[in-house]
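The structure appears below as structure tokens.
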Amino acid sequence: MREPETLAAQLVELAPDGLIFADSGGVIREWNAAATRIFGHTRAEAVGQSLDLIVPERFREAHWKGYDAALAAARAKSAGQPLTTRSARKDGTAIYVELSFVIVTDAGGAAIGALAQARDITERFAREREERTRVRALEEQVAALGGATPPPAAGG
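So that you can map any letter, position 124 of the sequence shown is 1256 in this note's numbering, and since no number is skipped, the others follow by simple counting.
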């Protein structure tokens, strides 16, 4: 049987989703192999850097406002619920990422940082966008043929 610390470290490293832990100052302290696959930065490049490494500049103000509020409340607003956001790979390629956050607390309940679970959904996002575009085009064609306004698309 492995020591619990060794097993925990191996589970984090082998997780299929990117796992990123940042301390209360927003400095990356843990970064697994899946995070490297998603964002392109190696663990050595990411650990010790600000989360700004993966937050596009135009989203940073909102990111830090939310991050600080979550730490102050010791609870993430989205608390484990996935949200879709934009990010960028090391090479500058824009990507869409599904993120889930939890605030990590010490034994006394004080926030010490945040753990993010990241999944690259760029391809899925592009497929869904293409499908919405196709549906809109078909609705417009139907409306033009019949002179009627089509009903709203389900889920749209």
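Beta carbons: idealized from backbone N, C-alpha and C, even for Gly.
Under the three-state reduction of DSSP output, T1265 falls in the helix class. CA-to-CA, the gap between V1179 and V1234 works out to about 19 Å.
Between A1220 and S1232, the C-beta spacing is not below 9 Å. Within the DSSP bridge table, the entry for D1155 names G1245 as partners. Where I1186 is concerned, there is no enclosing alpha helix (DSSP H), because DSSP gives it neither an H nor an E. Beta-bridge annotation (DSSP): V1274 is not paired with any residue.
Under the three-state reduction of DSSP output, A1220 falls in the strand class.
A straight line joining the alpha-carbon of I1186 with that of A1276 spans about 45 Å. Each residue's CA atom was taken as its position, placing A1140 and F1153 some 14 Å apart.
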